[in-house]
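Remarks on the structure that follows.
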Amino acid sequence: MSGRSFNRNTSYKEETDRDRPTQLHTGTPVSYRQEAHDRWSNNRPPDDQQDQVQTFAGWTIGISSGILAEHILAHPCIVLRRQCQVHHTATWYHLTPFTLLPVMYKLQQQQGMSALWKGISSAFVCQGVQMVSETVISEITPLPKEISRHHTVKKHVQHLLLKGLAFVVTTPFLVSSLVETVQSDVSSERPGVFNCVTEGVTRLMGMGSTQFTKLIPIWKLLLPTGLVGLSRYIIMQMARYTVITTIQQEEQEKRQAAISEEGYFQTKSMYDIHFPEMLANFTGGFLADMMFFPLETVLHRLYLQGTRTIIDNTDTGVSVIPINTSYQGIIDCFRDIILEEGLSGLYKGFGALLLQYAIHAAILRLAKFLFNKLSSEFAARNKNTGHL
């Protein structure tokens with residue numbers, strides 16, 4: 189009877205030992221409740237939560253930097269660049285940013301800060317129209333909206349065709365957006381948010397075209413816009429691929445060196461994950477904008493011809509001038525610009541482009557600093573909690 193009692197007690201002891209929580213540190217049993225309490229008291233999230241915090245922080249910095257650099261802070265430079273491009277009688281070409289600064293100051297004094305951000309809503313509308321166009325075309329046709337380097341050549345060609353069609357569809361709205369961006373607030377009322385859409389549809393349907401004899405039919409602008417937009421996209425993607433591939437190869441070599449020297453695999457930081465994409469976008473955009481600046485100048489003048497638009501005088505910044513040109517087409521516009529304004533006439537406003545990407549580069553530097561700072565703090569926190 190005592191043996192039966194001894195066996196029962198032994199069985200009970202074995203079960204309680206097996207069900208006891210595992211020891212997190214050698215020789216020191218700690219319950220899961222105590223571990224959670226320690227993490228809560230130290231304000232340190234668990235591994236999965238900490239990874240989520242790092243991911244969220246990285247995406248926040250990346251997206252915020254992209255929106256600021258490519259849209260918000262870049263828009264005043266885009267406004268001045270386009271006004272310089274279409275100012276056919278300008279004596280100041282503004283090939284460097286330094287000559288633009290007095291003009292920006294005078295415009296801000298005369299018309300307020302809104303003069304440098306006009307047309308920003310229509311720019312977002314055009315991007316939305318292009319995204320919707322790509323989605324609709326990809327749904328009703330076999331053309332792929334997204335591809336990778338593992339796809340076949342046929343898929344890449346189909347993807348480029350989809351992009352070209354989307355640029356063609358967006359052309360009327362790009363024309364309306366340009367008018368809103370360059371027209372002076374002194375001589376016109378501020379357009380509504382979706383005025384770009386209504387004006388684009390009107391231009392597409394050919395309504396009102398008989399009122400303006402110099403207005404170039406929209407169908408003559410579809411193919412040039414599609415080809416220029418597609419060419420810019422190809423250059424941007426090639427530059428992005430080159431930058432990202434180069435950085436990834438360098439990172440791979442560094443990780444292999446760390447494994448051979450220190451004996452462990454070095455995980456990627458927020459900087460390694462997000463910054464290469466941002467740098468690739470900067471490089472691709474800058475290269476494409478520089479290469480196609482003359483073509484952009486020609487297209488913008490053709491877009492604006494016959495619209496009776498009045499722009500700010502980029503020579504003085506305190507007056508307005510009407511746009512009155514009579515180009516017959518792309519070749520005629522090229523010839524007239526070179527003969528009347530010189531070869532540098534194709535690069536009017538190039539200083540605004542340099543200023544735009546100088547601001548973009550400064551934002552990249554700030555983002556790089558934040559990535560490195562946060563990565564160091566997370567690494568130190570992981571080391572203190574024994575996660576590494």
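Numbering (my numbering), first residue to last: 189 to 576.
Positions of the beta carbon are idealized from the N, C-alpha and C atoms, including for glycine.
- Rounded to the nearest whole angstrom, the CA to CA distance from Gly414 to His339 is 24 angstroms.
- Secondary structure at Asp500: strand, using DSSP grouped into helix, strand and coil.
- Contact check for Ile404 against Thr359 fails: the beta carbons are separated by 8 angstroms or more.
- For Thr369 and Ser253, the gap between their C-alpha atoms comes out near 23 angstroms.
- In the DSSP annotation of this structure, the continuous segment of the alpha helix (DSSP H) that includes Val324 starts and ends at Ile308 to Ile328.
- In this structure the stretch 411 to 430 lies against the stretch 338 to 353, because at least three pairs of beta carbons, one per stretch, are closer than 8 angstroms.
- Between Leu558 and Ile249, the gap from beta carbon to beta carbon is short of 8 angstroms.
- Counting along the chain, the unbroken beta strand (DSSP E) around Pro510 starts and ends at Val508 to Pro510.
- Cβ atoms of Asp503 and Leu295 stay farther apart than 8 angstroms, at about 12 angstroms.
- Sorting Leu362, Glu528, Ala549 and Thr430 by C-alpha distance to the C-alpha of Ser310 places Leu362 at the top.
- Secondary-structure assignment with DSSP links Gln371 through a beta bridge to Ile499.
- Take the alpha-carbon of Val508 and the one of Pro330: they are about 49 angstroms apart.
- When DSSP states are grouped into helix, strand and coil, Glu484 belongs to the helix group.
- Counted as a single uninterrupted DSSP element, the alpha helix (DSSP H) harbouring His462 occupies residues Met458 to Met479.
- In the three-state reduction of the DSSP assignment, His347 falls in the helix class, which pools H, G and I.
- When the Cα atoms are used, Ala555 and Glu439 turn out to be separated by approximately 19 angstroms.
- Within the stretch 277 to 305, complete alpha helix (DSSP H) segments of at least 4 residues are found at 288 to 299, given in chain order.
- By the beta-carbon neighbour count (other beta carbons within 10 angstroms, threshold 16), Glu387 is buried.
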